[in-house]
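So the structure is just underneath, and the comments pick up after that.
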Amino acid sequence: MQTKRAHHLPWRRAGHLADNNLSADDVVRETGWVFNNETGDDLTLKEFVDTGDKEVQRYVRLLELQNIQFESSTLLEIGSGIGRMTSAFTNRCQKVIAADVDSAFLERCRQTVAQFGRIDRLNTLHVVNGRTLVLGDNTVDATFSYITLQHCQPQDAIELVNEAIRVTRSGGTIVLNFRTWVLSDVVLVPLGVAMRALWKVSIIGPRLARWRWSTRIGWQANRLNPNTVLAKVAPALCEIKVFHSVKRKLKVSTNSQKPIKTIPTNRINPSHWWLVAQVS
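Quick note on my numbering: the sequence shown kicks off at 16 and runs consecutively.
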């Protein structure tokens with residue numbers, strides 16, 4: 016059974032637009048900001064995908080992923096959307112499994128990859144309840160997720176991390192992006208709670224879930240720091256690295272006996288951090 020959660024509503028609304036008979040460029044103009052905050056009446060699908068190509072290149076370098084043998088790997092992307100980064104992954108990897116909470120996005124993802132990537136290397140996976148991956152254990156060589164887990168309820172996000180570890184083979188790599196606390200969250204978090212409550216109100220809720228300003232207030236459903244995440248999953252990992260912005264200090268201290276390396280890095284948003292680790 017599909018679980019209805021308030022923080023999924025903007026994706027459902029955007030998914031409804033993606034499911035309409037709009038051109039690919041129109042879909043990007045209407046929904047692209049959901050994935051990379053780009054707006055404008057002149058945006059095209061190609062420009063949208065180009066941003067994903069550049070970010071894949073950037074994060075392979077910044078997160079020290081050059082040792083992953085992408086050309087012989089199966090990669091799972093949690094939160095593919097309409098394929099902004101997926102195309103680049105299919106051009107690098109032997110196989111890509113694109114997973115998303117919205118089936119209409121996955122159909123658009125297939126269309127995007129058919130134009131700009133390798134459709135013969137792509138499979139899609141509908142994450143119906145937002146927290147469970149219908150894949151077998153040790154299915155993939157690497158799991159990647161960017162600006163997705165922050166939009167899940169905290170327990171759902173942790174469950175998706177556990178799922179990522181379960182489906183990634185021993186010796187494989189997880190590369191997961193999270194949002195943590197910054198000073199502005201003193202205001203933003205209570206506003207987000209109120210906005211998600213309003214999304215459930217008939218008539219006004221569906222309208223608010225379509226508008227950019229209200230969606231950006233309410234769509235970030237959690238703030239998870241490294242200690243919270245690693246306390247749950249560190250025992251299943253090794254070679255653990257936490258990448259964070261050079262513009263802030265991020266202290267990591269868990270009860271785990273596993274060594275954890277923290278790496279201040281340029282071009283990472285101060286409110287974000289990345290977990291890069293091997294599965295034990």
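Positions of the beta carbon are idealized from the N, C-alpha and C atoms, including for glycine.
Residues of its chain near residue i, where Cβ-Cβ distance is below 6 Å and the 5 sequence neighbours each way are ignored
i, result
"Asn52", "Low per-residue confidence applies at Asn52: pLDDT is 47, beneath 50, and the placement is therefore not dependable, though the value from the model is reported in the following sentence. Same-chain partners within the cutoff: there are none."
"Phe193", "Leu164, Leu239, Trp288"
"Ala114", "Ile93, Leu140, Val142"
"Lys247", "Ile173"
"Leu91", "Ile112, Val155, Thr158"
Reference residue i, options the options, closest by Cα
i, options, result
"Pro241", "Gly207, Lys276, Asp171, Leu140", "Lys276"
"Thr66", "Leu78, Glu92, Ser102", "Ser102"
"Trp196", "Tyr161, Val182, Lys266", "Lys266"
"Pro274", "Ile283, Val291, Ser260", "Val291"
"Ser286", "Glu254, Arg99, Leu206, Ser199", "Ser199"
"Gly128", "Phe104, Asn144, Asp117, Gly151", "Per the sequence presented here, residue 128 reads as Val, with Gly not at that position. That would be Phe104, whose Cα lies nearest to the Cα of Val128."
"Asn138", "Arg146, Thr147, Arg125, Gln130", "Arg125"
"Ile283", "Ile97, Gln72, Val261", "Val261"
"Asn237", "Thr147, Leu206, Ser271, Gly96", "Leu206"
"Thr305", "Ile112, Val176, Pro221", "In this structure the chain extends from 16 to 295, so residue 305 is not present and cannot be described."
"Leu191", "Ser88, Arg136, Ile255", "Ile255"
"Asp117", "Gln81, Thr183, Val204, Asn144", "Asn144"
"Met100", "Leu91, Phe120, Ile134, Val71", "Val71"
CA-to-CA distance, residue j to residue i, given in whole angstroms
i, j, result
"Val208", "Asp171", "16 Å"
"Val142", "Val149", "8 Å"
"Arg76", "Val244", "24 Å"
"Arg263", "Tyr74", "19 Å"
"His296", "Ile218", "Residue 296 lies beyond the residue range present for the chain, which begins at 16 and ends at 295; the question has no answer from this structure."
"Tyr161", "Gly94", "7 Å"
"Ala179", "Val216", "34 Å"
"Ala249", "Val257", "12 Å"
"His259", "Ile278", "6 Å"
"Asn281", "Gln272", "28 Å"
"Leu175", "Phe63", "26 Å"
"Gln293", "Asp152", "15 Å"
"Val182", "Met210", "34 Å"
"Phe159", "Leu58", "26 Å"
"Asn298", "Leu213", "The first residue shown for the chain is 16 and the last is 295, placing residue 298 beyond what the model contains."
"Ile134", "Lys61", "16 Å"
"Met169", "Gly98", "At residue 169 the sequence reads Pro, which differs from the Met that was named. Roughly 25 Å between the two C-alpha positions."
Residue i CB to nearest heavy atom of the ligand ADP below 7 Å
i, result
"Phe120", "Here there are no bound small molecules, and the ligand ADP is not part of this structure."
N-terminal and C-terminal residue of the alpha helix (DSSP H) that residue i is part of
i, result
"Cys253", "First-last for Cys253: 252-260, but that is the beta strand (DSSP E), not the alpha helix (DSSP H)."
"Val75", "60-77"
"Pro171", "The residue asked about is misnamed: residue 171 is Asp in this sequence, not Pro. Note, Asp171: alpha helix (DSSP H), 169-182."
"Ala246", "241-248"
Extent of the continuous beta strand (DSSP E) run through residue i
i, result
"Glu283", "Correcting the residue type first, residue 283 is Ile in the shown sequence and not Glu. Here Ile283 belongs to no beta strand (DSSP E), and DSSP marks it neither H nor E."
"Gln293", "287-294"
"Leu90", "89-93"
"Ser160", "155-160"
"Leu121", "Leu121 -> not in any beta strand (DSSP E); alpha helix (DSSP H) instead, spanning 118-131."
Contact set for residue i: own chain, Cβ-Cβ below 8 Å, skip 5 residues either direction
i, result
"Glu86", "Arg107, Cys108, Gln109"
Sequence-distant residues of the same chain with beta carbon closer than 7 Å to residue i, five excluded per side
i, result
"Ser295", "Ser185, Ala251, Leu252, Cys253"
"Ile83", "Ala157, Thr188"
DSSP bridge partner residues for residue i (one or two, in chain order)
i, result
"Lys276", "Lys256"
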